[in-house]
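All remarks here apply to the structure that follows.
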Amino acid sequence: MMMPRSWLFVPGDSTRKIEAALKGNADALIFDWEDAVSPANKGLGRSTTKASLAAASCDIERIWIRVNGLDTRWFADDLSALPADRIAGVVIPKCCGPSDLTRLDRELARCEAASGIAAGTMKVVAIATETAASVLALSEFRRPVPRLSGILWGGEDLAGDLGVMANRDASGRYRAAFQHARTMVLYAAAATQSLAIDAVNVDFRNLQSLEDECAEARTDGFVSKAAIHPAQVEVINAAFSATAEELAWARRVVQALPDGGVAVVDGKMVDAPHLRIARRILAR
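Dropping the structure here:
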């Protein structure tokens, strides 16, 4: 599985921003047909994104499209307009548990058949904390789900659903309800063997705050982070890149445990959990 460090949201109705993003350093690009595009411009967003991708030479594995939610009036038109052979997959907002992904799987299968590409080609990243119901449904993720590559959390829509004016306290830390949602995403991603993607930091001019947040997220188990501005990408990529020391340790662990079991590395016992961590580090 490709393991992007940075996921940059890009308005789907802006040719200029799409072209700039394709030339940029974000590991994954999410061309947004949902929040970044007004209801009046939904059709323009679809056509602009498709035209830009058709005209560009790009790595398909980088390209994702955030469609509108399953229950919106725009979802069916989004699926019909998907450039299925030019993207890695879709980002689904307002995802409420595995049942939503089962519904989406059926819709994507029809889209793939119509586009003449192999079933299961398009993958899915689920944004799974935008409502209280979605947060509660995270406990239903107990095993891998077809197509699911990653789970992304965010606190902005959730604040609206909870009726909370601010999702962070005076020090800049997320309040308890949002910390809970963040933690549940870590568990759900681990249970489904998918990527845990940290939320965007909307204060895009404060790169020091972003760097601190990335460090904490990586320590907690997130493997990547979403961005809303190109200036954030370099910080995120650096934070989620394995260091030389981490790579060296991981190689020593893998070398010491070719057949599993128990070994001593750097004077400390290592076994199966350490081997899993080492392999994840090397996969980056």
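With the UniProt record's numbering, letter number 101 in the sequence shown gets 101, and the count goes up by one each step, no holes.
Here a beta-carbon is modelled for each residue, glycine too, at the ideal position from N, C-alpha and C.
Just so it is clear, the structure is predicted and the values come from calculations on it, not from any experiment.
I'd like to know whether the C-beta atoms of residue i and residue j end up nearer to each other than 7 Å.
i, j, result
"Val265", "Ala272", "no"
"Val254", "His274", "no"
"Glu156", "Pro93", "no"
"Val135", "Ala181", "yes"
"Pro146", "Asp105", "yes"
"Ala21", "Val10", "yes"
"Phe141", "Thr192", "yes"
"Arg62", "Leu29", "yes"
"Phe222", "Ala196", "yes"
"Trp64", "Gly24", "no"
"Val233", "Ala55", "no"
"Ser224", "Arg5", "yes"
Could you give the first and the last residue of the continuous alpha helix (DSSP H) run that contains residue i?
i, result
"Arg5", "Unbroken run through Arg5: none, as it is neither H nor E."
"Phe178", "176-192"
"residue 285", "A query on residue 285 cannot be resolved here, the shown segment of the chain reaching from 1 to 284 and no further."
"Val262", "Unbroken run through Val262: none, as it is neither H nor E."
"Gly160", "156-162"
"Ile18", "15-23"
Start and end of the beta strand (DSSP E) containing residue i?
i, result
"Arg66", "63-66"
"Val124", "123-127"
"Ile277", "Run containing Ile277: none in the beta strand (DSSP E); it sits in the alpha helix (DSSP H), 272-283."
"Ile151", "148-152"
Enumerate in chain order the residues of its own chain whose CB-to-CB distance from residue i is below 8 Å, with the five nearest sequence positions on each side excluded.
i, result
"Thr15", "Thr48, Ala51, Ser52"
"Asn68", "Trp33, Glu34, Lys42, Trp74, Phe75, Asp78, Pro93"
"Glu112", "Ala84, Ala118, Ala119, Gly120, Thr121, Met122"
"Tyr174", "Gly155, Asn167, Arg168, Arg182"
"Arg218", "Ala239, Phe240"
With a cut-off of 8 Å on the beta carbons, I'd call residue i and residue j a contact; round off their distance for me.
i, j, result
"Asp198", "Ala159", "Rounded, the Cβ-Cβ distance is 17 Å, inconsistent with contact."
"Arg46", "Asp78", "7 Å"
"Ser139", "Lys123", "Ser139 to Lys123, Cβ: 23 Å. No contact."
"Ile277", "Ala242", "That belief does not hold up - the Cβ atoms of Ile277 and Ala242 are roughly 11 Å apart, past 8 Å."
"Ala190", "Trp153", "Actually they are not in contact, since the Cβ atoms of Ala190 and Trp153 sit about 14 Å apart, beyond 8 Å."
"Asp248", "Phe204", "Per the sequence shown, the amino acid found at residue 248 is Ala instead of Asp. Contact flag wrong, Cβ pair sits at about 34 Å."
"Ala235", "Glu211", "The amino acid at residue 235 is misidentified as Ala; the sequence shows Val. Confirmed, about 5 Å."
"Ser209", "Gly267", "Between Gly267 and Ser209 the Cβ distance is about 37 Å, and since that is not below 8 Å, they are no contact."
Considering only residues of the same chain and omitting the five flanking positions on each side of residue i, which have a CB-CB separation below 6 Å?
i, result
"Phe178", "Gly155, Asn167"
"Cys96", "Ala133, Ser134, Ala137"
"Val270", "Val253, Ala263"
"Gly163", "none"
Ignore the nearest five residues each way along the sequence and tell me which others in residue i's own chain have a CB closer than 7 Å to its CB.
i, result
"Asp220", "Leu186"
"Ile228", "Phe9, Val200, Val202, Phe204"
> For the segment 189-234, which segments carrying the alpha helix (DSSP H) assignment without a break, of at least 4 residues, lie completely within its bounds, in sequence order?
Replying inline: Those alpha helix (DSSP H) runs which fall completely within the segment 189-234 and span 4+ residues are 207-220.
> Quick one: complete alpha helix (DSSP H) runs, 4+ long, within the segment 31-66?
Replying inline: 42-55
> Quick one: complete alpha helix (DSSP H) runs, 4+ long, within the segment 90-140?
Replying inline: 98-115, 132-137, all fully within the segment 90-140.
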